[in-house]
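Presented below is the structure to which this report refers.
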Amino acid sequence: MPFVARICDSFSSLSSSSVELSESNYQLRMANNQNGRHTIILLQNSPSRATRTFMDYDSIGQAIDGICGLYERKLKEINPSLRNLSYDIADLYNFIDGLTDLSAMVYENSMNAYMPYDRQWIKHKAFHHLKKLASGGR
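Taken in order, the sequence shown gives residues 140 to 277; the numbers are from the working numbering.
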């Protein structure tokens with residue numbers, strides 16, 4: 140389960156008071172994540188600044204699964220009586236485009252830094268991730 144927390148101020152100014160991450164915790168995560176692709180998804184559901192949140196994942200694939208999970212929960216909320224829900228990539232893209240803000244920060248091991256990516260990059264990664272899952276993970 141990803142760690143989800145509210146961001147008190149803004150995406151660009153995360154302070155140590157908003158999120159408590161110790162250096163040893165960070166090093167342990169990076170050691171367990173051999174690809175060094177730790178991913179932080181930053182999102183805002185509505186124009187209200189109070190809806191700014193982030194989700195923390197160990198890989199890009201897990202982050203994409205998390206975004207799909209958000210959409211699937213929204214579908215279930217809208218259609219509570221349906222047992223089986225289905226959607227295509229265009230529906231997921233509409234959900235992504237409907238968010239006020241969505242971006243990703245992906246750890247690049249070679250640079251020892253997080254690189255920012257926009258919603259177009261997320262949509263591209265979602266397409267390829269879901270295509271890979273549909274073909275049996277190859």
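Beta carbons: idealized from backbone N, C-alpha and C, even for Gly. The model shown is predicted, which means the values in this text are computed figures rather than measured ones.
Limits of the unbroken alpha helix (DSSP H) element including G265: Residue numbering aside, residue 265 sits at position 126 when the sequence shown is read from its first letter. Gly is not the amino acid found at residue 265; the sequence shown has Ala there. Per DSSP, A265 belongs to the alpha helix (DSSP H) from 258-273.
Helix, strand or coil for S161, going by three-state DSSP, please let me know. Within the sequence shown, residue 161 is the residue found at index 22, counting from 1. Here S161 scores only 47 on pLDDT, less than 50, and its place in the model is too uncertain to base an answer on.
Identify whether N233 lies in helix, strand or coil by the three-state DSSP scheme. Translated into the one-based positions of the sequence shown, residue 233 becomes position 94. Three-state DSSP puts N233 in a helix.
Start-to-end residues for the beta strand (DSSP E) that takes in L209: Within the sequence shown, numbered from 1, the residue matching residue 209 stands at position 70. Where L209 is concerned, there is no enclosing beta strand (DSSP E), although the alpha helix (DSSP H) it sits in stretches over 199-217.
Distance, A252 Cα to I261 Cα: By one-based count along the sequence shown, residue 261 stands at place 122. By one-based count along the sequence shown, residue 252 stands at place 113. Taking the straight line joining both Cα atoms gives about 19 Å.
Which value, in whole angstroms, describes the spacing of the CA atoms of D257 and Y246? As a working note, residue 257 is residue 118 in the sequence shown. As a working note, residue 246 is residue 107 in the sequence shown. Each residue's Cα considered, the two are about 15 Å apart.
Answer yes or no: do L231 and Y210 have a C-beta to C-beta separation smaller than 7 Å? Position 92 of the sequence shown, counted from the start, is the residue given in the question as residue 231. Position 71 of the sequence shown, counted from the start, is the residue given in the question as residue 210. Yes.
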